[in-house]
Structures are given as structure tokens and as C-alpha cells.
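Structure first, then comments.
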Ligand SMILES: [Zn+2]
């Protein structure tokens, strides 16, 4: 027996066996992650205006020396590479601040100022990274802003670098792939509550950092906790081959929709012979389906776009950099890096489909699919963020969905009802825990957690089951090469030991909520309606949205709110004349209806109570829903 937070002998043996297969002689990444180093920041903690620390550059200083037996040596190594923070020269004229957030911010120097690529998650971390750049490269004004894609770690800190006025005055063009705004907002809106709660598991924000705790997410260490912001782009990139010159810098674009993000693009700087691959390549196997939950990505399209990238610029490029991790230099090495990343997604896709057509299920393919030796021998194709296991299941899901075709799985009991029956069949909770303990002692933690999960779903107060489940999840975490798996396992252990930690970071910053379109606002109302309570309600509301210049009619019937654009308000309906921000304010509760009517922010023709009736039918969301217990 071991006490919690120590590795068992079985875990130690598993880690030693895994270490034996690692290409430890290949230390090129350490050279690349250090190459071009200019300076570190003296200021090691980044704070919000209220003094709260939102990022600590030394939070992972414990990632020093050889891996402890509570961490997979491959993930430990990845963490050591990720904490090499500071300002780095990619090539003369291109710089990156790394280690300032989950993502990396890049600076391209133009004739007058600097173009900024992907300003991190929080305005505080972006401002600190930009200050480090200016300290060493001079007080250059920002002359361009590029968002590579629609994920918040690539735009959230924008207001730490530029202002809305910079953009509206025309001083700073903000450039993004077509569809950016729709996806930046919508990907997090409809199921944002659930995604955010699950992200707490994936990133381990509430798990203590340390040798036996959270040691990084593989893509970056963790997410910063400052203020996320958004300034909408004014230049949409819609076609591959499109070229722009910003502050004298030529940029050629390749749009890659439906890859790592629904709206994403790569781009090439011919004058620097430098390629930015957004998040389409990185020093990890990425996610086909992220553990926080999302729509499944298209591994096939992802691979095809990378082939196109090589075709477009492979002959001339000298360096490839991205918005996570460190660059790869030299034409030959850079192209081989792109090709290996491409092969990784293509192989996963094609072999999964080959095995699907032999009748194997996602869970079976995940166990048997081995990556080609050359990919195993490279570090950047290891699964620190995505994994072969969960990506294979995601590819299965993309093509075939949740049902595996076996009618025994078509209508099983849900978790609690199944758990009660399993536990009874095992001879009761105590007997089941004894079985699980035997599996634990034999190092079969996967079976141990499955049995204990049934016990907890039948009786969540069973103290021995809770304690052993926390220990078993912890051993799985210690063994994981994948940072998000480790965080998820340790998050489960943390909640079983210390209680529900809720949602450490919300997905709904004011700038994102404020960017909702009228359609999205009406959609968010529709998905919050308490269906059964609204079965017998019938309401028709018209919204004349003055700043959008459109009229929307929303009709509630059969518990569902259907809306449409119309020429005129619906006859006999209550009509609200207001702006889009006012509508958002009413829906989110930041604007009081009576006050808004009194000061003429909202004009009502009809019965104002209709809106209250609708709002009264909205159900609260639950950001604290249980995960490892029913
Ligand atoms: Zn990212």
C-alpha cells in the first residue's frame, strides 16, 4: 500500500517501460526552444488591476531535473521545454514571446511598427508580453493585428496590445480568417457552461501544481486567468493565395477551414521566408476531439491542407513557426516537420477507417492502432494534448456516431440504474470495492476505476470507494503521457477528496457576450427554455433591432422558440424596438427592462409582460454539475 500522491510499484514499472521507448538521444527541441533567446522578464508575476496574479512565470519552476516517479518522463520533458519563457528571435525582424500563456504571441517588424499575431488569452498577459518585446526592440507602434483562428487563446488578450479606437480610426487593421467572429463566439455559447466545467478537468486549473499534481497541458502549461477581450476583425481572409501588404510586410494566406478550428489560416512572409502555421502544426499530436467537448474535427481535411501548405511554400521557406511551442529552422527540417505532422493526421484517419471497415469499434481501434516507427521516434508527434486513443474514437464518432451498431448497446440502463444493478451483481458495494482493490493492487487501474465508478454511481457516499477511486485515478494520471489526460485524472481525484471545484474559468467574458448576433442571442434563449414548463405557453414577440436594421419575430410554442427575420413585426405581437446591445443586456440581466423603457433605450408596443413571461421560462444553467459522482 502507498499513501496518496506516491507512485505505486506498478506505475513506476509502467513509466520505466514507457521511458525505454522514448528517443531520449534527440535533444534538438532543447536547442530550438532556446534558439534566438533575447531576454527573460524580471517581473515574474503578471497581475490584474486588482492585484490578483493571473500568470506566474515561475509557477512550474519545479519542472527541474529528471522526472519524478509521479510523472510520465515524456510529459515532464515537454513541460521543461514549455517553461523556457522570454523573448526570442525567430529570424531578424520576427520575434516571439513564449511562456506567457497557453499560447505564443509573435511580432513581425514592418517599416514603421510591428504586426502582432495571436495576442494570448488575457489582456494582462498580452500586455506583459508586448512590454517585454518593446523593452528589447523599441517602442514600435502596432501597425497590424492577425488572429490565426477562432480560439480564445489566439485573440483574448487583444485589448492588452491595441484599443478599439486603434482599429476604428484605421490605424490597425485586424485580420482574421473568414467566419472568425461566428465561430469565436458561437463555439463557446450554446454549450459553453458544460464546456467550461469540462475544461476545468482538461486543464486541471483547480488541481495543485507540483510533481504529483498538474504539470502542464502539453500545448502550453495552462490557461491564464486575466480578462479575455475581443476586437472584431475588419479584414476577412477568404481565399488561398490572397496577398496583403501591411506596414510594408508582404503576407500570403492559405485558408484552412475545418482543421484545428472551424476558421483558421496559415500564412507566409516571403520577405522573411517564414511560415506561420497557426495551430495546424505544433510539437504535439493535436486533438481531433478536445476533451472539454466540441464538434469533431476533420483529420482528413487537416492532412490535405498541410499537403497544400508544403506545395505552396515548401521549396522556399527557411523557418516554420506557430502559435504554440517553438519554431523549426532550415528548409529541409521545416518541410519534414510539416510532412510528419501531416502524416500523423492522415495515418490516424486512414487506418481508423480501414479498421472500421473490418468491423472494429473505436475503443478496439484505440488499443490496437500503432503509429509508424518514424512517428514514434519523433517527439512532436507524441500525444501531449491530443492522443491516439481519444483521436481514434473521435474519427469513429465523426463517421459513425455514438452507436456502435451492437443492439446490446442501443438501449442500456443509464449510469445510476446500471450501477445499482452491477453493484448488486457483484455482491454489494463492499464486495465491489474489494474487487476494485484487488485490481488496484495488481496495477489494473483501468478496471479498478470502472468498478469503483459503478459503486459511486450506486452510492456516492461510500467512503472507501471514494478514497480508492481517487487513488486509482491518481495513478492513471501519474502514468499519462498526455497533459490533458493527467489533468483530467487528477481533477477527478481532487474532487473526490476535496469536493466539487465548480468551473474555475467562465467561458462568457463580456466582450464575447457583447459580440453575439441577434440570431445567436435568440438561439441562446431557445436552448435555456424549460421545455415542459413552456409546453402550454404561446407567445409571439417582435424585435425591431435598430442598429442591425432588421426585424426578428420569435414565436414560442410547444416549448420551443423559433425565430425568423421578417419585413414587418408580427400582427398583434408585442414589439420591442431596441439595439442589439440592449437586447443582449435584457437577456443577460445587465439591463433592467423598466429602466430601459423609462430612459427610452427600449420602446415597447404591446404588453411588456410578454418578455417577462419568456424570461420566466428560462432555466438556470449549472456550472457545478457533478462528473465523477452522479
Ligand atoms: Zn491555441
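In our numbering, the protein residues as written are 290 to 919. Here a beta-carbon is modelled for each residue, glycine too, at the ideal position from N, C-alpha and C.
Determine the burial state of residue 306: buried for a count of at least 16 other Cβ atoms within 10 Å of its Cβ, exposed for fewer.
Exposed: under 16 other Cβ atoms inside 10 Å.
Anticipated Cβ contact below 8 Å, residue 644 with residue 654, distance rounded
5 Å
Taking the runs of the beta strand (DSSP E) that are 3 residues or longer, which of them lie wholly in the stretch 831 to 883?
839 to 846, 849 to 855, 863 to 867
For residue 401, does the count of other Cβ atoms within 10 angstroms reach 16, so buried, or fall short, so exposed?
exposed
Is the beta carbon of residue 671 sitting closer than 7 Å to the one on residue 614?
no
Using C-beta distances below 7 Å, list every residue in its chain close to residue 709, excluding the 5 sequence neighbours before and after it, in chain order.
Excluding positions up to five away in sequence, the list reads 747.
Beta-carbon separation (whole angstroms), residue 421 vs residue 376, contact threshold 8 Å:
Contact holds; Cβ gap of about 5 Å.
Top-ranked residue by Cα proximity to residue 830, from 361, 872, 628:
872
Backbone CA spacing between residue 725 and residue 714 [nearest angstrom]
14 Å
How about residue 431 and residue 410: do their beta carbons lie closer than 7 Å?
no
Where residue 372 sits in the DSSP three-state scheme
coil
What is the residue span of the beta strand (DSSP E) that residue 522 lies within?
Segment: none, residue 522 is in no beta strand (DSSP E) and carries neither H nor E.
Just the Cα atoms here: how many angstroms apart are residue 543 and residue 598?
Going by the C-alpha atoms only, they are around 7 Å apart.
Segment limits, alpha helix (DSSP H) that includes residue 397
No alpha helix (DSSP H) holds residue 397; the beta strand (DSSP E) holding it covers 394 to 398.
Quick one: does residue 497 have its CB under 7 Å from some CB of chain D?
Looking for chain D here will not work: only one protein chain is present.
From residue 693 to residue 699, what does the alpha carbon distance come to, in whole angstroms?
Whole-angstrom Cα-Cα distance: 8 Å.
For residue 440, verify whether its CB is less than 6 Å away from any heavy atom of ligand 1.
yes
Alpha carbon to alpha carbon, how far is residue 744 from residue 593?
46 Å
Would you kindly work out how many angstroms separate the C-alpha atoms of residue 525 and residue 869, rounded to a whole number?
Looking at the two C-alpha atoms, the distance is approximately 22 Å.
Inter-residue CB distance, residue 550 and residue 531 (contact presumed, cutoff 8 Å)
Incorrect: roughly 18 Å between the Cβ atoms, too far for contact.
Reducing DSSP to helix, strand and coil, say where residue 290 ends up.
For residue 290, the pLDDT reaches just 42, beneath the cut-off of 50, and the residue's location in the model is therefore unreliable, leaving the point undetermined.
Cutoff 7 Å; reference residue 635; Cβ partners in own chain excluding five residues on either side:
Same-chain partners within the cutoff: 592.
What residue range does the alpha helix (DSSP H) around residue 629 cover?
620 to 645
N- and C-terminal bounds of the alpha helix (DSSP H) containing residue 821
Its alpha helix (DSSP H) spans residues 820 to 823.
Less than 8 Å between the CB atoms is what I'm expecting for residue 807 and residue 841, so what's the real figure, rounded?
With 8 Å as the limit, residue 807 and residue 841 qualify as a contact, their Cβ atoms being about 6 Å apart.
Between the beta-carbon of residue 300 and the beta-carbon of residue 768, is there less than 7 Å?
yes
Three-state class that DSSP yields for residue 781 in the structure shown
helix
Which word fits residue 824, buried or exposed, when buried means at least 16 other C-beta atoms lie within 10 angstroms of its C-beta?
Of the residues assessed, residue 824 falls on the exposed side of the cut-off, its CB having fewer than 16 other CB atoms within 10 angstroms.
Output yes or no for whether 7 Å exceeds the beta carbon distance between residue 379 and residue 608.
yes
Is any non-hydrogen atom of ligand 1 found closer than 6 Å to the C-beta of residue 553, if you look at the structure I gave you?
no
What does the alpha-carbon distance come out to for the pair residue 612 and residue 368?
16 Å
Quick one: what's got a C-beta closer than 8 Å to residue 317's C-beta in the same chain, skipping five residues either side?
Counting only Cβ-Cβ distances below 8 Å, and skipping sequence neighbours, we find nothing.
Just checking residue 731 against ligand 1 - is the residue's beta carbon closer than 6 Å to any of the ligand's heavy atoms?
no
Residue of 389, 662, 707, 649 minimising C-alpha distance to residue 682:
649
Inter-residue CB distance, residue 474 and residue 805 (contact presumed, cutoff 8 Å):
6 Å
Residue environment, residue 290, which counts as buried when at least 16 other CB atoms sit within 10 Å:
A caution first: residue 290 carries a pLDDT of 42, below 50, which makes its placement in the model unreliable, though a value can still be read off. Residue 290 should be labelled exposed.
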